[in-house]
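Shown next, in structure tokens, is the structure this report addresses.
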Amino acid sequence: MRATGVGSMPGHGNGHSDYAEACRVVLGELTDLPHLPELPARGAIANMTGRALAVLDGLDADLQPAGWRLTGTSGSAGVDHRRARSLLAQDLDTVEELVQDSPLTSGGGAFKIQVAGPWTLAATVERPRGDKILADHGARRDLAQALAEGVRTHVRDVRRRLPGADTLVVQVDEPALSAVLAAQVPTASGFGKHRSIDLPEASQALEWVLGAIAEEGAIPWVHACAAGTPLDLLRKAGAKGLSVDLAQLTAADHDDLATALEAGDTVALGVAPALAPVGTELTDKTVTETVERWLDMLGLDAAYDIVLTPSCGLAGADWRWARTVLRILSESARHLGSD
Numbered sequence: 002m003r004a005t006g007v008g009s010m011p012g013h014g015n016g017h018s019d020y021a022e023a024c025r026v027v028l029g030e031l032t033d034l035p036h037l038p039e040l041p042a043r044g045a046i047a048n049m050t051g052r053a054l055a056v057l058d059g060l061d062a063d064l065q066p067a068g069w070r071l072t073g074t075s076g077s078a079g080v081d082h083r084r085a086r087s088l089l090a091q092d093l094d095t096v097e098e099l100v101q102d103s104p105l106t107s108g109g110g111a112f113k114i115q116v117a118g119p120w121t122l123a124a125t126v127e128r129p130r131g132d133k134i135l136a137d138h139g140a141r142r143d144l145a146q147a148l149a150e151g152v153r154t155h156v157r158d159v160r161r162r163l164p165g166a167d168t169l170v171v172q173v174d175e176p177a178l179s180a181v182l183a184a185q186v187p188t189a190s191g192f193g194k195h196r197s198i199d200l201p202e203a204s205q206a207l208e209w210v211l212g213a214i215a216e217e218g219a220i221p222w223v224h225a226c227a228a229g230t231p232l233d234l235l236r237k238a239g240a241k242g243l244s245v246d247l248a249q250l251t252a253a254d255h256d257d258l259a260t261a262l263e264a265g266d267t268v269a270l271g272v273a274p275a276l277a278p279v280g281t282e283l284t285d286k287t288v289t290e291t292v293e294r295w296l297d298m299l300g301l302d303a304a305y306d307i308v309l310t311p312s313c314g315l316a317g318a319d320w321r322w323a324r325t326v327l328r329i330l331s332e333s334a335r336h337l338g339s340d
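To convert a position in the sequence shown, counted from 1, into the working numbering, add 1.
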């Protein structure tokens, strides 16, 4: 059993020093499956949307007062889109420098990167002429395909930098998917909601992205911590790992996760709070007991491919809690793995 983080880490916009510290924490505490840290406190170019736009292939964007907006095909990127791409490259430079003489360069290492999924992007990014990409079938298709091709290039770049990463996981973040399917995404005016997306179209866009990841030899996961996310749709679209928040799961979700584990897929289980708890103490023992109760409920044991994570990203936490929770999860994973 292993432990990893969801993606985001604390940071206050202090440039390279903050990012290097986040990398050291992740690499030091998550030795079995470290991940590429995200520090959204650095602004829109570093948040989930900005990071995903940085890897798009063939589509450019700029940052408006209302948020990110596509500007057209290559050659029309705004200054903030160029900054987002540059920042991602700098962050990868930092990781590459810090992992020298580790398994991530010499062989036998594992690493995870994250990217926002096509439906979360469609729900947060605007078309050139206004309103969300979600409102336009052709724009939705173009975005998903551009993301799929961009992720291919991103995976190749990470492999070049981390030649010892024999296992590379790409986590596709889809926190908005359940809202997209339930017609809960507001229109630009705020007075209406975008129509729901049919399940076949929702699946196809995910298939393009997850398929591109698999074709590059990486392992596609989907992270969706919102209640109401159809986990079976994610698996049918090609997800080989499901990252969820244990507290948000329904009875049907538990069944889907048991089916995934029995099929040899990975379940990344959010079992620790993203913020330091008040009035209670989290320990490796309490986390271990939580996982054991969940496995007992499913009638399974710890031999399956389960990865322990916080319930969500750690961007809102302080550095002390970020270190503490990752250390607790790693210790719990070792306990469970030795049973």
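For each residue, glycine too, the CB sits at the ideal point set by N, CA and C.
Beta-carbon gap between residue i and residue j smaller than 8 Å
| i | j | result |
| --- | --- | --- |
| residue 40 | residue 10 | yes |
| residue 12 | residue 23 | yes |
| residue 85 | residue 51 | yes |
| residue 134 | residue 81 | no |
| residue 183 | residue 111 | no |
| residue 252 | residue 181 | no |
| residue 266 | residue 242 | yes |
| residue 93 | residue 162 | yes |
| residue 109 | residue 310 | no |
| residue 273 | residue 312 | yes |
| residue 318 | residue 276 | yes |
| residue 260 | residue 175 | no |
| residue 26 | residue 327 | yes |
Residue i versus residue j: straight-line alpha-carbon distance, rounded
| i | j | result |
| --- | --- | --- |
| residue 293 | residue 337 | 8 Å |
| residue 128 | residue 69 | 9 Å |
| residue 225 | residue 101 | 32 Å |
| residue 137 | residue 67 | 19 Å |
| residue 286 | residue 220 | 30 Å |
| residue 193 | residue 131 | 15 Å |
| residue 208 | residue 263 | 22 Å |
Span of the beta strand (DSSP E) around residue i
| i | result |
| --- | --- |
| residue 128 | Element bounds for residue 128: n/a, residue is neither H nor E. |
| residue 246 | 242-246 |
| residue 271 | 267-273 |
| residue 109 | No beta strand (DSSP E) holds residue 109; DSSP gives it neither H nor E. |
| residue 310 | 307-311 |
| residue 221 | 220-224 |
Contacting residues, own chain, Cβ-Cβ under 7 Å from residue i (five flanking each side not counted)
| i | result |
| --- | --- |
| residue 210 | 118, 119, 145, 148, 149, 152, 173 |
| residue 238 | 204, 207, 208, 211 |
Contacts around residue i, its chain only, beta-carbon distance under 8 Å, and the 5 residues preceding and following it disregarded
| i | result |
| --- | --- |
| residue 32 | 331 |
| residue 289 | 333, 336, 337 |
| residue 79 | 61, 62, 63, 64, 72 |
| residue 303 | 2, 292, 293, 296, 337, 338, 340 |
| residue 248 | 271, 312 |
Unbroken alpha helix (DSSP H) run spanning residue i, endpoints
| i | result |
| --- | --- |
| residue 318 | Careful: residue 318 lies outside any alpha helix (DSSP H) and carries neither H nor E. |
* Any alpha helix (DSSP H) of 4 or more consecutive residues that is wholly inside the region 141-195 -> 178-182
* Asked: Along the chain, which unbroken stretches of the beta strand (DSSP E) at least 3 residues long are found entirely within the region 12-85?
  -> 60-65, 68-74
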